[in-house]
Amino acid sequence: MSQHKKEVKRVTTHTLQSMKNEGEKISMLTAYDYSMARIIDAAGIDVILVGDSASNVMAGHETTLPITLDQMIYHAQSVVRAVKRALVVVDLPFGTYQGDSKMALKSAIRIMKESGAHAIKMEGGPEIKESIKRILSAGVPVMGHLGLTPQSIYKFGTYTVRAKEEMEAKKLVEDSIFLEKMGCFGIVLEKIPAQLATSVAQKLSIPVIGIGAGGGLDGQVLVVHDLLGITKDFHPRFLRRYLELFDTIKTAVESYAQDIKSGDFPNEKEQY
Ligand code: KIV
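Under my numbering, the letters of the sequence shown match residues 885 to 1156, in that order.
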């Protein structure tokens, strides 16, 4: 009998491609810290995204713009320490890759070297062509992100559904094909009409993962705080909440505080 523990088979970009080829759906979820990433990985999620949504749900900012490269690396390091199976993808934060491909490469290399993550994600199409090209040429796998790209929120003005108009829909299809041709291993499509998203997934041979883009794609991604009901008062149509943890945790913490005040905690069995 082998003395080695049975190794967990890691998910790679090639695994995701095989899943697309075989019609197996890809599960993707965000994580930003060790403890949550450990649970998510143990649950068998295929891709863990260290999203720049950390700016919202971890740091309390209104947008994803303020988070820095150092902060993303800190989150990515914590997640990578926990993960045994999932592919770990990290968002390049706003201002670290647009308009300067050398800076983009430096940012991507810092993430890969300092965190041990497996791939990076970038928002945009042909406008960030040089940055994608340079990063790919260094051997770093790149995931694209089109549709509602939160780093451009001040250009869009609102978080409403994108690409409802014909011109924007046409550009989204062209940009998706462009990203595949560039060599991206996958694309996230955020908050666009389901029919359009499905047609993109059918046109492309690489995996297309959706958030608010309907069920016709190769996989789905959500922000873990939304799925668990930790975020309060956020109820977009696309979100399915599996728990209401805000209320559950609040009730538990209220009981704890009450038990301290009443002198019930700690009791005799809870002391030395
Ligand atoms: O940052 C993030 O969490 C994301 C997902 C919404 C796709 O980019």
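Ideal Cβ positions, reconstructed from N, Cα and C, are used throughout, including at glycine.
The structure presented is a predicted model; accordingly, all values stated were derived computationally and were not measured.
Any non-hydrogen atom of the ligand KIV closer than 7 Å to residue i Cβ
i	result
ILE1076	no
ASP975	yes
LEU933	yes
ILE995	no
THR914	yes
ASP1143	no
HIS1029	yes
ILE924	no
THR948	yes
PRO1139	Just to set this straight, residue 1139 is Ser in the shown sequence, not Pro. No - the ligand KIV has no heavy atom lying nearer than 7 Å to the Cβ of SER1139.
VAL1105	yes
ILE1019	no
SER1089	no
VAL1072	yes
SER962	no
ILE1095	yes
ASP936	yes
Residues near residue i in its chain [Cβ-Cβ closer than 6 Å; skip 5 each side]
i	result
THR947	ILE1037
PRO1025	THR897, ALA1003 and PHE1069
GLY1099	none
VAL1107	THR914 and SER937
ILE1095	GLU1074 and VAL1105
SER1139	none
GLN1086	none
LEU1111	TYR1126
Chain C within 8 Å of residue i, Cβ atoms only
i	result
THR899	No chain C appears in this structure, which consists of one protein chain only.
Sequence-distant residues of its chain with Cβ nearer than 7 Å to residue i (five each side left out)
i	result
GLY1103	LYS909, ILE910, SER911, MET912, PRO1091 and ILE1093
GLY1113	ARG1125, LEU1127, GLU1128, LEU1129 and PHE1130
VAL967	ALA921, ASP925 and ILE932
VAL941	VAL1107, HIS1109 and THR1115
MET885	Reliability of the predicted coordinates at MET885 is poor, the pLDDT of 45 falling under 50, and no value is obtained from them.
Residue i, buried or exposed, once every other Cβ within 10 Å from all chains shown has been counted against 16
i	result
TYR916	buried
ILE1144	exposed
ASP1117	exposed
ARG1018	buried
PHE848	As displayed, the chain neither begins before 885 nor continues past 1156, which places residue 848 out of reach and without an answer.
ALA1136	exposed
GLN1142	exposed
ILE923	exposed
LEU976	buried
GLU1007	buried
SER902	exposed
SER1089	exposed
GLU991	It should be noted that the sequence gives Ser, not Glu, for residue 991. Buried: at least 16 other Cβ atoms inside 10 Å.
THR1132	exposed
MET1027	buried
PRO1010	exposed
Simplified DSSP assignment, three categories, for residue i
i	result
GLU1007	strand
LEU1112	coil
VAL967	coil
ILE932	strand
HIS1002	coil
THR899	helix
SER937	coil
HIS1029	strand
MET912	strand
GLU1074	strand
GLN982	coil
LEU1080	helix
ASP954	helix
Neighbourhood of residue i by C-beta, 8 Å cutoff - its chain only, sequence neighbours within 5 removed
i	result
ARG969	VAL892, LYS893, ARG894, VAL895, ASP925 and GLY928
SER962	TYR916, ASP917, TYR918 and ALA921
ASN834	This structure leaves residue 834 out entirely; the chain is present only between 885 and 1156.
GLU1052	ARG1046
The segment 1042–1051 contacting the segment 1063–1070, beta-carbon criterion three pairs below 8 Å: No contact exists between the segment 1042–1051 and the segment 1063–1070.
Per the contact definition of three or more C-beta pairs closer than 8 Å, is the segment 1073–1084 in contact with the segment 1048–1064? By the C-beta criterion, the segment 1048–1064 is judged to be in contact with the segment 1073–1084, since at least 3 inter-stretch pairs fall below 8 Å.
For the structure I just gave you, are there three or more beta carbon pairs, one from the segment 1020–1034 and one from the segment 979–987, closer than 8 Å? Cβ pair count under 8 Å is below three, so no.
Can you find at least 3 beta carbon pairs, one from the segment 1120–1127 and one from the segment 923–933, that sit closer than 8 Å? No: the two stretches stay apart, fewer than three of their Cβ pairs being nearer than 8 Å.
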